[in-house]
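Working notes for the structure below.
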Amino acid sequence: MIKKILYYLVAGVCFSILSIFLIQPNLSQAEKVKEKILPKEAKGPLAIARASFDANAMGDMSDYDPSNPIVPTGDTIKIAVVASFSGPSAANGAFYWNVVQWVAHDINKRGGIWVDGKKKLVEVIKADHMSKADQCQKISERMILEKKVHVLWGTDGSHLMRVINSVADKHKVIALNATCLSDDLMNAKNFSRYAFHASFSTDQVGRAFAYYYGQIRKKEKKFYILCQDYSFGHQLAASFKNGLNEYYPEAKVVGEDYHKLFLTDYAPYLEKIKASGAEVIFTGDWLPDAGNLLKQARQMGVMLPFANIYMDEPNFLHEVGVEGTKGLVNLSTWNTENPHFKSPGHIKFYHTWNNLWKNKWKTPPYNSRTFEIFGGNWGSWTGVTYWLLSVIERAKSTDPEKIISVWENDTYKFVNGKTVYMRGCDHKMVMDLAISEFVPWQEQKVSFNIPPYYWYKGCSSYGPTFIVPAGKAFPWMDSELGRCKGKDGWGR
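So the sequence shown is numbered by the numbering used here: it starts at 101 and just counts up by one.
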């Protein structure tokens with residue numbers, strides 16, 4: 101029970117497990133769709149990557165075990181993972197530790213990175229903020245002043261990321277936000293030159309879904325919004341409504357509700373949804389709420405699709421089953437167009453991860469189904485961490501000013517072929533987003549194009565997938581931030 105609670109208490113973190121983009125059976129129709137949603141001029145800086153992940157250069161990962169990592173010491177490149185490593189949200193720390201330690205292990209097996217006149221290994225240090233703001237400030241300060249870390253990597257909770265960014269700004273140390281969605285982290289009030297937002301954001305998510313339903317799918321018109329009753333839920337709902345006004349004005353929001361966190365009885369809301377005539381339920385709920393909401397909806401006969409970002413964690417999806425998860429519509433920051441595996445390097449990376457999960461990761465939580473498949477958050481978080489170290493390598497220094505100089509307006513290609521861009525004026529990551537329909541295992545081959553040709557048999561998973569171009573859902577830019585005044589969505 102404790103393990104299950106730890107898995108499910110992952111606030112503000114999406115379990116997006118894999119990626120993919122639709123290959124239409126009718127080639128001419130596919131070309132029409134591609135021409136419509138992927139005009140060349142919309143790619144902007146994403147058209148060319150300045151650096152990319154090279155799977156052929158990977159180190160020997162055969163001895164990598166997140167429960168027993170090899171951690172170098174001494175004159176190293178030091179990264180502090182500032183997260184919950186204790187308490188009810190400790191699962192977050194375990195998740196982050198695995199992906200950052202994975203990247204460090206790979207780089208170290210290659211011999212390290214040449215910086216400041218010598219080759220240095222990467223050292224990853226745990227920094228437990230216990231989900232408390234005061235502890236977050238204390239541990240971040242300690243990491244900088246005592247451990248002499250070069251990077252603060254975080255975290256679970258935008259309010260805690262704000263603390264990390266503030267400490268980083270005070271001490272002029274790089275802070276990497278790999279997970280939090282809040283747009284106000286980089287507004288005029290909170291912006292720091294030393295902080296980099298390498299996650300998608302609430303405004304992107306809402307507007308991307310509106311673009312998908314209004315400009316790509318063009319079918320359902322009646323939406324019911326059901327989100328958690330705190331700032332994130334309200335911000336996400338507002339961005340979706342704004343997006344509908346922009347991209348789908350003929351659509352209608354037939355109901356809107358907000359529920360308290362960790363609710364156990366969704367029946368009153370589901371009864372209202374049944375009576376509303378809604379065709380789609382839009383939610384930003386994260387686990388355990390996302391899982392409980394879906395399970396109760398299906399038990400009550402509500403089989404409507406959920407437009408979501410967090411209904412993709414494999415453990416609860418298997419509990420709901422194939423029919424109950426069929427038709428879910430999931431948005432991902434990691435995914436690319438179908439088929440999912442387009443290069444030998446990506447296939448190599450996937451098998452390296454999956455084989456370690458099967459044969460070496462024997463300690464909870466790393467032996468659970470959650471870690472079986474590389475992609476989703478594992479892909480995004482490893483991707484931006486590799487990006488960070490690529491920037492340091494190209495800067496040839498751990499000097500934050502040199503790192504900033506390289507990272508602003510930089511582009512980087514992940515192992516799956518996705519290119520991302522760091523908008524220079526407010527340090528927000530810009531990228532294409534992917535929206536996927538979940539289908540039974542027999543139909544998953546459209547995305548999972550290597551044996552066994554499906555993601556999961558026990559639940560529906562990724563099938564047809566569409567790109568929302570970055571230019572249709574830019575991260576929100578604060579016009580009051582002087583660095584961004586007069587600039588377009590690319591920050592130019």
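The beta carbon of each residue, even a glycine, is placed where N, CA and C say it ideally should be.
Starting from the Cα of residue i, find the closest Cα among the options and give me that residue.
i    : options                   : result
L394 : A375, V422 and S376       : V422
L488 : K143, T255, A275 and L245 : A275
V491 : D228, G333, Y521 and A180 : Y521
K226 : H297, D206 and V199       : V199
K143 : P465, N516 and F574       : F574
E246 : H271, W253, M230 and G254 : H271
R592 : D532, Q544, S547 and C525 : C525
I207 : G159, V181, K178 and I170 : G159
N549 : Q237, E437 and G479       : E437
I316 : S579, W576, I567 and N435 : I567
T511 : S497, M529 and P500       : M529
T176 : F153, Y164, H205 and D154 : H205
I473 : Q328, R242, R494 and D412 : D412
K426 : N435, N477 and V539       : V539
Q464 : A190, F153 and V182       : Before going on, a small fix: residue 464 reads as Pro here, not Gln. If we check each option's Cα against that of P464, A190 comes out closest.
Mind checking whether residue i and residue j have CB atoms under 8 Å apart?
i    : j    : result
A268 : A233 : no
R210 : A157 : yes
E537 : P569 : no
T470 : P414 : yes
S184 : G193 : yes
F332 : G391 : no
K513 : A149 : yes
V263 : S240 : yes
L431 : I325 : no
A355 : K372 : Note on identity: in this sequence residue 355 is Gly, with Ala being the wrong assignment. Against a cut-off of 8 Å, the Cβ pair of K372 and G355 comes out as a contact.
F598 : L581 : Not covered by the structure: residue 598. The range shown for the chain is 101 to 592.
L533 : A308 : yes
S547 : H440 : yes
G306 : G343 : yes
E223 : P172 : yes
Y366 : Q396 : yes
V420 : R398 : yes
C559 : L417 : yes
A170 : V249 : Strictly speaking, residue 170 in this sequence is Ile, with Ala absent from that position. No, the pair does not count as a contact, with Cβ atoms beyond the cut-off.
G187 : M230 : yes
M577 : T433 : no
D389 : F362 : yes
V203 : T519 : no
If I follow the unbroken beta strand (DSSP E) through residue i, where does it start and stop?
i    : result
C512 : In the sequence under discussion, the amino acid at residue 512 is Tyr, which differs from the Cys named in the question. Looking at the DSSP string, the run of the beta strand (DSSP E) that includes Y512 is T511 to K513.
L326 : K322 to Q328
I447 : That residue, I447, is in no beta strand (DSSP E); its alpha helix (DSSP H) goes P444 to N459.
L564 : This sequence places Pro at residue 564; Leu is not what is there. Note, P564: beta strand (DSSP E), S561 to V568.
N516 : From DSSP, N516 is part of no beta strand (DSSP E); its letter is neither H nor E.
H224 : Strictly speaking, residue 224 in this sequence is Val, with His absent from that position. Counting along the chain, the beta strand (DSSP E) containing V224 begins and ends at V222 to D228.
W253 : V251 to G254
F340 : It is not in any beta strand (DSSP E) - F340 instead sits in the alpha helix (DSSP H) that spans S331 to Y347.
I504 : Careful: I504 lies outside any beta strand (DSSP E), inside the alpha helix (DSSP H) at P500 to W507.
A310 : Run containing A310: none in the beta strand (DSSP E); it sits in the alpha helix (DSSP H), T302 to Y311.
E537 : L533 to V539
A295 : A295 to H297
I213 : I213 to V215
K143 : Run containing K143: none; DSSP gives neither H nor E here.
M577 : First-last for M577: undefined, no H or E at that position.
A528 : For clarity, residue 528 is Lys in the given sequence; the question names Ala instead. Start and end: K528 to V530.
Quick one: is residue i near chain D, going by C-beta distance under 8 Å?
i    : result
L417 : Although the question refers to chain D, the structure presented lacks it and comprises just one protein chain.
Let's see if you can read the secondary structure: which residues bound the alpha helix (DSSP H) around residue i?
i    : result
I264 : S258 to H271
V546 : Taken as a continuous stretch (DSSP letters only), V546 belongs to no alpha helix (DSSP H), as it is neither H nor E.
K238 : A233 to L245
A278 : No alpha helix (DSSP H) holds A278; DSSP gives it neither H nor E.
L387 : First-last for L387: undefined, no H or E at that position.
E493 : G476 to A495
Is residue i near the ligand SAH, with its Cβ less than 7 Å from a heavy atom?
i    : result
N467 : Ligands are entirely absent from the displayed structure, and the ligand SAH is therefore not among its contents.
Ranges of the alpha helix (DSSP H) found wholly within the region 354-379, counting only runs of at least 4 | 367-376
On the three-pair Cβ rule with 8 Å, is the region 398-409 touching the region 373-387?
-> yes
Any chance the region 293-312 sits against the region 339-358, with 3 or more Cβ pairs inside 8 Å?
-> yes
Using 8 Å as the Cβ pair cut-off and three pairs as the minimum, do the region 452-463 and the region 494-511 touch?
-> no
Could you give the uninterrupted runs of the beta strand (DSSP E) lying entirely in the region 145-190, keeping only those of 3 residues or more?
-> 177-183
Are three or more beta carbon pairs between the region 210-222 and the region 255-270 nearer than 8 Å?
-> no
If you scan the region 393-448 from start to end, which runs of the beta strand (DSSP E) of 3 or more residues do you find wholly inside it?
-> 406-408 and 429-432
Report yes or no: do the region 328-337 and the region 442-453 share at least 3 C-beta pairs separated by less than 8 Å?
-> no
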